[in-house]
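What follows is a single structure, written as structure tokens, with notes after it.
There are 2 protein chains.
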Amino acid sequence: MKLGSLKQGRDGELIVVSRDLARAVRATGIAPTLQAALDSWSVSAPKLAALYARLQAGSSGKRIEGEFAFDAALAEGKVAAPLPRSYEFVDGSAYLPHVERVRRARGAQVPESFYSDPLMYQAVSAGFYGPRDPVVVPDAAYGIDLEAEIVIVTDDVPMAATPAAAAGHIVLVGLVNDVSLRNLIPAELEKGFGFLQSKPRSALSPVLVTPDELGPAWRDNKVHLPLRSWVNGQWFGAPEAGEDMQFDFAQLIAHAAKSRPLGAGTIVGSGTVANQDESRGASCFAEKRVLEIIRDGKPTTPFMAFGDVVRIDLTDAEGRSICGSIEQTMAKL
Amino acid sequence: MKLGSLKQGRDGELIVVSRDLARAVRATGIAPTLQAALDSWSVSAPKLAALYARLQAGSSGKRIEGEFAFDAALAEGKVAAPLPRSYEFVDGSAYLPHVERVRRARGAQVPESFYSDPLMYQAVSAGFYGPRDPVVVPDAAYGIDLEAEIVIVTDDVPMAATPAAAAGHIVLVGLVNDVSLRNLIPAELEKGFGFLQSKPRSALSPVLVTPDELGPAWRDNKVHLPLRSWVNGQWFGAPEAGEDMQFDFAQLIAHAAKSRPLGAGTIVGSGTVANQDESRGASCFAEKRVLEIIRDGKPTTPFMAFGDVVRIDLTDAEGRSICGSIEQTMAKL
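For the record, the sequence lines run as chains L and W.
Note that this note's numbering has the first sequence beginning at 534, numbered continuously upward.
Note that this note's numbering has the second sequence beginning at 534, numbered continuously upward.
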């Protein structure tokens, strides 16, 4: 099934969305918000699945009561992030080609441990942009960048869960534009306490989907499809999310849960998707610039300017969008 | 006023607690949870204040309807963290004597920028221990430590708020035991992405209080009282929280809000309280060990063992607890 939220208050209004992302129906009779549904997932998931089945059965033209055009609501900016705010977002950096290139560009080695111990940080979860909301930044000199990533959402994960156990706690899959302020990163990382100002709020895809919606493209706790991005309508990249992902989502969950439980609704990010095959393009400007540094000795592509538009999408073998696209304009505060 | 939560579901049940922490009454008629109250603070705060006034008026012996013994509920383990889960916790390291000593012990300098640019990290907010809950850790070899800190809670803070504006968004004050797993820190910080496994869940004090409850001890956006801690009943430290705090809470909020808004209910931590005056003791074992390293060349005090008990309290000039004490036993998963 596919789940989203209409903008309403701080936590949105839970909706079930049709497979083709054209139609939707409120699910507030089952749970008022997606967080509430996740808080009682074993009870709410079967009910939501039944509603989804009814909505799908209506696809042939027979409308169900209360359904509305999801595509129109999305275009009108009425769709919130599926989780407009969440209690936890832990973001990995699981695609080692990205890490290797970033290090190579600055003449540093990748420590051997990076191939067995995931890089992961505590990210801001208190607010996610809706899929069509502008990215608001006080100053373009901060170095505005996108990061196209896959995310999964968990139910309750016990402390010290193994990767094998963690795999059973993946309940939803989606996309994030993990907005990064590149020019704030070096000084912040040098202080040693990780990202704070340099990783502001991110956007989620219009819907989160249960893994079965991906069919055979969901296996080994990875999404085996290209993650496509465009900037100002120009192709930016389409790396395969199932390739070069050093740590799968079960391993990332287990890493985060080593010393604490993860609550229902925890979002786990893959990190910017990147492949060894450079012809597939990039999922962030930092990657593109690093390739330029490796090739030319210096970067020629600037970070984004106010007015620039980012689009991120995950499509199936037939080109149909799975989670809906993230489309955001960079805007000055 | 003083606000807390009884254990109930994931988010607790909002209660108003008497100034002497002896009595309480459910405030669920005003807002079901503290998060809900904070989400509509301008509406709920006056109502909660009125209920608090009624509860206080009953102190002379006249009970109000529904009141119960808060001290008994606390002793029985029925009291949750005031915010059992929160959307954001950003933790500072505002007491420079601590930072200076940690660096001195490893032969490093404190960068000049540390005196003008706060150290702060994105901390886990998805779950807080109640004030009497055990601290559950899989392995004592992780190096279990307390960190006694002051926290404040904000209402909605706009992006890029100045410190002067940020001061007006401090609505509640309390304590945190910011549990740290010291032996996991060096490897994690070396990876460059900050704390994740090394900073598990923390505990909050039994109640959070409005700043007026501190009287003249709340000024300059700081708490001017000693923060007391004990380990296994032994005095551990009582540094003055109003001294040596390089950045006040308004500055810490402004630092965190540089590139994003902070939502209602954001928790901002001071960092482990430490003074230049070493005779006042420490607020964490790391500090105690660092002083031993500086004095003797090596630490002699180990981190905590399972069964060890931590107590943290903030008392007024007459010795009365303001937020209630945090009392936690270290426990194996």
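Glycine is no exception: its CB is placed at the ideal position from the N, C-alpha and C atoms.
- Beta-bridge pairing by DSSP links Ile563 (chain L) to no other residue.
- By the CB criterion at 8 Å, Arg556 (chain W) and Glu546 (chain W) fall outside the cutoff.
- According to the DSSP secondary-structure assignment, Ser577 (chain L) is paired through a beta bridge with no residue.
- Closest in C-alpha terms to Arg828 (chain W), from the list W:Leu539, W:Arg637, W:Val706, W:Tyr585, comes W:Arg637.
- Judged by beta-carbon spacing, Gln784 (chain L) lies within the 8 Å limit of Pro651 (chain L), meaning their Cβ atoms are closer than that value.
- Distance from the CA atom of Glu680 (chain L) to the CA atom of Gly625 (chain W), rounded to whole angstroms, is 27 Å.
- The C-alpha of Tyr662 (chain W) is placed about 7 Å away from the C-alpha of Arg734 (chain W).
- Counted as a single uninterrupted DSSP element, the alpha helix (DSSP H) harbouring Lys821 (chain W) occupies residues 818-829.
- Here the segment 786-800 of chain W lies against the segment 616-632 of chain W, with 3 or more beta-carbon pairs under 8 Å apart.
- Distance from the CA of Leu847 (chain W) to the CA of Gly610 (chain W), rounded to the nearest whole angstrom, comes to 20 Å.
- Here the alpha carbon of Val756 (chain L) sits roughly 51 Å from the alpha carbon of Gly770 (chain W).
- Here Asp544 (chain W) is near Pro617 (chain W), since their CB atoms are less than 8 Å apart.
- For the pair Thr687 (chain W) and Gly748 (chain L), the Cα-to-Cα distance works out to about 44 Å.
- With respect to Ser551 (chain L), Leu581 (chain L) sits apart: the two C-beta atoms are not nearer than 8 Å.
- In the structure shown, Pro744 (chain W) falls within a helical segment according to DSSP collapsed to helix, strand and coil.
- Under DSSP, Glu682 (chain L) forms a beta bridge with L:Val709.
- A direct Cα-Cα distance of roughly 40 Å separates Ile683 (chain W) from Ile563 (chain L).
- Flagged as an interface residue toward chain W: Pro733 (chain L), by a C-beta distance shorter than 8 Å.
- Take Ile677 (chain W), set aside five residues on each side of it, and the residues of its chain with a beta-carbon closer than 6 Å to its own are Val670, Phe836, Met837, Met863, in chain order.
- Assigned with DSSP and collapsed to three states, Ser858 (chain W) falls in coil, not helix or strand.
- Listed by position along chain L, the residues whose Cβ is nearer than 7 Å to that of Lys724 (chain W) are Leu652.
- Closest by C-alpha distance to Ala720 (chain L), out of L:Asn710, L:Lys732, L:Val712, L:Asp711, is L:Lys732.
- DSSP places Asp604 (chain W) inside the alpha helix (DSSP H), whose first and last residues are 603-608.
- Rounded to whole angstroms, the gap between the alpha carbons of Leu758 (chain L) and Val712 (chain W) is 40 Å.
- Under the Cβ criterion of 8 Å, Pro744 (chain W) is not counted among the residues facing chain L.
- Look at Gln767 (chain W) here: in three-state DSSP terms it is strand.
- Taking the Cβ atoms as the reference, Tyr585 (chain W) lies roughly 30 Å from Gly804 (chain W), outside the contact range of under 8 Å.
- Looking at the DSSP output, Val669 (chain L) bridges to L:Ala864.
- Interface annotation, Gly796 (chain L): in contact with chain W, CB-CB separation under 8 Å.
- With respect to the C-alpha of Arg639 (chain L), the residue from L:Gly775, L:Glu746, L:Ser854, L:Glu820 having the closest C-alpha is L:Glu820.
- In the three-state scheme derived from DSSP, where H, G and I count as helix and E and B as strand, Phe661 (chain L) is classed as strand.
- A distance below 8 Å separates the beta carbons of Gly857 (chain L) and Leu607 (chain L).
- With a beta-carbon spacing of about 19 Å, Val709 (chain L) and Ala699 (chain L) fall beyond the 8 Å limit used to define contacts.
- Contact of Ala700 (chain L) with chain W is not assigned, every C-beta pair being separated by 8 Å or more.
- DSSP, read as helix, strand or coil, puts Gln642 (chain W) in coil.
- In the three-state scheme derived from DSSP, where H, G and I count as helix and E and B as strand, Ala698 (chain W) is classed as helix.
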